[in-house]
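To start, the structure itself, in structure tokens.
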Amino acid sequence: MRKILYNSFFFCAVILIISYSGQVNSALAQDKTDKNIPRLQKQGSATQLIVDGKPFLMLAGELGNSSTSNFAYMRPLWPKLAKMNLNTVLVPVYWEMVEPVEDKFDFSLVDTMIKDSKKNNLHLVLLWFGSWKNSTSCYTPAWLKINSQRFFRAQDKAGHSLEILTPFSEENRDADCKTFAALMKHIKQTDKTHQVIMVQVENEIGMLPDARDHSQLADAYYAKAVPKELIDYLQKNKDKLLPETSKAWESKSLKTTSTWEEVLGKSVATDELFMAWYFAIYTNKVAEAGKAEYPIPMYVNAALNKAGSKPGEYPSAGPLPHLLDIWRAAALSIDIFSPDIYQANFQQWCQKYQKIGNPVFVPEIAKGEQNAAQVFYVFGQHDAMGFSPFSIETTDNPDKEPLAKSYNMLSQLSPLILEKQGKGDIYGSAVDKDNPVQNIKAGNYLLHVSHEYTLGLSPKAKEETWPLSGCIIIATGTDEFIVAGTGVAITFEPNSPGDPIAGIVSVDEGSFVNGKWVAGRRLNGDQDNQGRNLRIPVGDWGIQKVKLYRFK
Ligand code: DGJ
3 MRKILYNSFF
13 FCAVILIISY
23 SGQVNSALAQ
33 DKTDKNIPRL
43 QKQGSATQLI
53 VDGKPFLMLA
63 GELGNSSTSN
73 FAYMRPLWPK
83 LAKMNLNTVL
93 VPVYWEMVEP
103 VEDKFDFSLV
113 DTMIKDSKKN
123 NLHLVLLWFG
133 SWKNSTSCYT
143 PAWLKINSQR
153 FFRAQDKAGH
163 SLEILTPFSE
173 ENRDADCKTF
183 AALMKHIKQT
193 DKTHQVIMVQ
203 VENEIGMLPD
213 ARDHSQLADA
223 YYAKAVPKEL
233 IDYLQKNKDK
243 LLPETSKAWE
253 SKSLKTTSTW
263 EEVLGKSVAT
273 DELFMAWYFA
283 IYTNKVAEAG
293 KAEYPIPMYV
303 NAALNKAGSK
313 PGEYPSAGPL
323 PHLLDIWRAA
333 ALSIDIFSPD
343 IYQANFQQWC
353 QKYQKIGNPV
363 FVPEIAKGEQ
373 NAAQVFYVFG
383 QHDAMGFSPF
393 SIETTDNPDK
403 EPLAKSYNML
413 SQLSPLILEK
423 QGKGDIYGSA
433 VDKDNPVQNI
443 KAGNYLLHVS
453 HEYTLGLSPK
463 AKEETWPLSG
473 CIIIATGTDE
483 FIVAGTGVAI
493 TFEPNSPGDP
503 IAGIVSVDEG
513 SFVNGKWVAG
523 RRLNGDQDNQ
533 GRNLRIPVGD
543 WGIQKVKLYR
553 FK
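Read left to right, the sequence shown gives residues 3 to 554 (the working numbering).
This is the structure we're talking about:
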């Protein structure tokens with residue numbers, strides 16, 4: 003008879019279901035033999051990635067899916083990535099190529115990536131394309147794919163098998179755990195310079211075309227009671243649950259003997275919650291197996307759902323905003339849940355992922371000119387750990403890419419940003435024609451950040467759409483800010499008792515060299531509109547220091 007999964011989870015999970023802070027602690031666990039392995043560390047409200055003993059901002063990009071499957075194809079790409087001022091590259095590692103024959107591992111692609119990234123002064127985030135890649139199991143090895151008697155698939159409502167491994171099979175899970183553990187062991191043994199700083203476990207997990215797996219194994223779990231670990235979590239955290247979670251479980255009698263349907267009713271929403279729990283349990287086991295060998299930070303990414311679409315219509319049950327409580331309760335070895343942002347309203351997606359204390363790391367975002375502004379917002383407003391447009395290598399002029407210019411400024415500013423993260427001194431803004439102004443309360447001042455075209459100085463202001471503009475603002479004194487970005491104008495107003503008018507003492511352009519400010523031109527005339535506003539025109543990138551005063 004098929005083995006019943008997860009009996010042992012009960013005891014493990016009781017131990018593992020702890021407070022929110024436990025999420026970070028898992029990656030804080032250090033390997034005693036190497037104090038410098040990458041880890042996470044709290045600073046105020048921020049979580050920072052520590053690389054070689056120091057906080058690190060990932061100015062990153064993700065490679066297209068197939069680029070790392072061939073040494074020769076990859077070779078010319080490394081210098082190109084370095085020219086874009088990246089310090090980190092997100093690179094796929096394919097189960098099928100790591101284990102072409104069962105139990106025979108081949109890490110040559112990974113070894114070459116480590117060597118070549120080091121030569122080009124780049125760190126790596128490995129993307130484990132294991133059991134799932136964009137819902138399906140396309141990167142599983144051939145020996146696994148062809149053996150459906152041993153490695154079971156999920157099934158749709160009609161009982162048809164899908165190209166998706168079921169998360170309810172112990173055999174599937176153990177095979178993935180074993181290979182992932184071997185990979186992490188290999189990294190630990192070979193990557194002595196810590197090129198690899200983080201790992202993504204699986205890729206965009208999600209059920210399609212039904213919200214839940216209807217295989218025999220899945221049905222057996224569906225007929226069981228909601229796991230006690232989840233009920234305990236919901237009860238223990240009832241005051242800090244996400245509104246989506248509270249609503250789903252509101253006024254339900256959380257009995258440990260009730261099935262998912264008895265507690266939540268029969269619906270695709272229940273199907274999705276059920277799947278989220280078991281996908282998370284499986285993925286957590288894979289992460290645990292890897293961390294047992296080499297405990298560096300690990301995250302899981304989500305394909306986001308379109309507003310108004312129902313479970314089953316989008317890749318369901320991944321770590322989506324409305325399921326984050328479930329994932330957090332089940333996947334304690336996962337440190338971060340991350341959005342892959344291909345939809346509008348990127349600011350709202352970042353807010354949703356930060357809401358419950360989840361560190362913000364954007365491992366994928368649609369590549370385009372807007373990235374150059376988005377990145378200032380993400381690091382400024384969300385204490386982000388990293389930013390990474392997808393298919394980063396697709397450019398013929400790497401050093402002319404708008405993002406390369408933003409990354410240049412952010413790498414100069416990294417020491418200051420990292421010193422200030424989590425302390426309430428950093429702000430970010432992104433503005434366009436639809437939302438041309440953002441007001442930011444920053445200590446004693448209210449900052450009105452506007453799109454530069456609102457000044458009416460550029461003939462392009464008449465065009466139908468405006469490029470996205472953005473900036474990061476860092477308070478460096480009670481009356482002083484460093485602003486870096488592109489395409490913005492900022493005016494200042496007092497935000498505390500005292501003299502009612504804010505004036506500009508001075509605006510200087512400048513740069514940071516080894517973390518120290520080096521002033522350039524003074525900009526107190528036309529460039530700051532005769533003391534009316536700080537300005538960085540559209541098409542320009544700049545770092546400026548503004549000193550303010552108050553008068554009546
Ligand atoms: C999101 C996935 O995570 C990537 O691997 C890639 O398939 C992109 N979508 C393509 O847009």
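Where is the CB? At the ideal position from N, CA and C, for every residue including glycine.
Asked, Found
"Under the three-state DSSP convention, the category residue 152 falls into", "coil"
"Proximity test, residue 346 beta-carbon vs the ligand DGJ heavy atom, cut-off 7 Å", "no"
"Residue environment, residue 133, which counts as buried when at least 16 other CB atoms sit within 10 Å", "buried"
"Cβ-heavy atom distance, residue 366 to the ligand DGJ, below 7 Å", "yes"
"C-alpha distance - residue 91 paired with residue 417, whole-angstrom precision", "20 Å"
"Closest Cα partner of residue 503 within the set 475, 554, 497, 249", "554"
"CA-to-CA distance, residue 365 to residue 382, given in whole angstroms", "17 Å"
"Near the ligand SAM: residue 529 beta-carbon under 7 Å from a heavy atom", "Ligands displayed in this structure: the ligand DGJ; the ligand SAM is not among them."
"Rounded straight-line distance, which links the Cα of residue 443 to that of residue 476", "12 Å"
"Contact test: residue 339 Cβ vs the ligand DGJ heavy atom, cutoff 7 Å", "no"
"Nearest to residue 505 (by Cα), restricted to the options 448, 344, 110", "448"
"Same chain only: Cβ atoms within 6 Å of residue 146, ignoring 5 sequence neighbours per side", "153"
"Cβ contact check for the segment 241-251 and the segment 313-327: 3 or more pairs under 8 Å", "yes"
"Any non-hydrogen atom of the ligand DGJ within 7 Å of residue 206 CB", "yes"
"Nonlocal neighbours in the same chain, by C-beta distance under 6 Å from residue 215, ignoring five residues either side", "156, 168"
"Closest by C-alpha distance to residue 213, when choosing among 224, 274, 170", "274"
"Residue range of the unbroken alpha helix (DSSP H) whose run includes residue 85", "79-85"
"Contact belief for residue 375 with residue 306 at Cβ below 8 Å, rounded distance in angstroms", "In fact, because the Cβ distance is near 20 Å, the residues do not count as touching under 8 Å."
"is_contact[residue 143, chain E] using C-beta, thresh 8 Å", "As a matter of chain content, chain E is missing from the structure shown, which is built from one protein chain."
"Cβ separation of residue 205 and residue 136, assumed to be a contact under 8 Å, to the nearest whole Å", "6 Å"
"Residue from 394, 123, 348, 201 with nearest C-alpha to residue 380", "348"
"Spatial distance of residue 332 from residue 319 (CA atoms)", "13 Å"
"Straight-line Cα distance separating residue 295 from residue 186", "6 Å"
"C-beta atoms of residue 170 and residue 219 nearer than 8 Å", "yes"
"Residue 215 - DSSP class collapsed to helix/strand/coil", "coil"
"Residue span of the alpha helix (DSSP H) that contains residue 376, given as start and end", "373-384"
"Integer Cβ distance of residue 200 from residue 361, believed to fall under 8 Å", "Not a contact, Cβ separation roughly 11 Å."
"Classification of residue 399 by the beta-carbon crowding that lies within 10 angstroms, buried from 16 upward", "exposed"
"Three-way DSSP call (helix, strand, coil) for residue 362 in this model", "coil"
"Residue ranges of each alpha helix (DSSP H) within the segment 318-345, 4 or longer", "326-332"
"Local conformation of residue 624 per DSSP, three classes", "Shown here, the chain extends from 3 to 554; a query on residue 624 therefore has no answer."
"Alpha carbon of residue 525 to alpha carbon of residue 532, nearest angstrom", "9 Å"
"The ligand DGJ heavy atom lying under 7 Å from the CB of residue 392", "yes"
"Residue 437: CB within 7 Å of a non-hydrogen atom of the ligand DGJ", "no"
"Three or more C-beta pairs below 8 Å linking the segment 187-199 and the segment 110-120", "yes"
"Chain-order list of residues whose beta-carbon lies under 6 Å from that of residue 391 (same chain, five-residue window excluded)", "63, 367, 369, 373"
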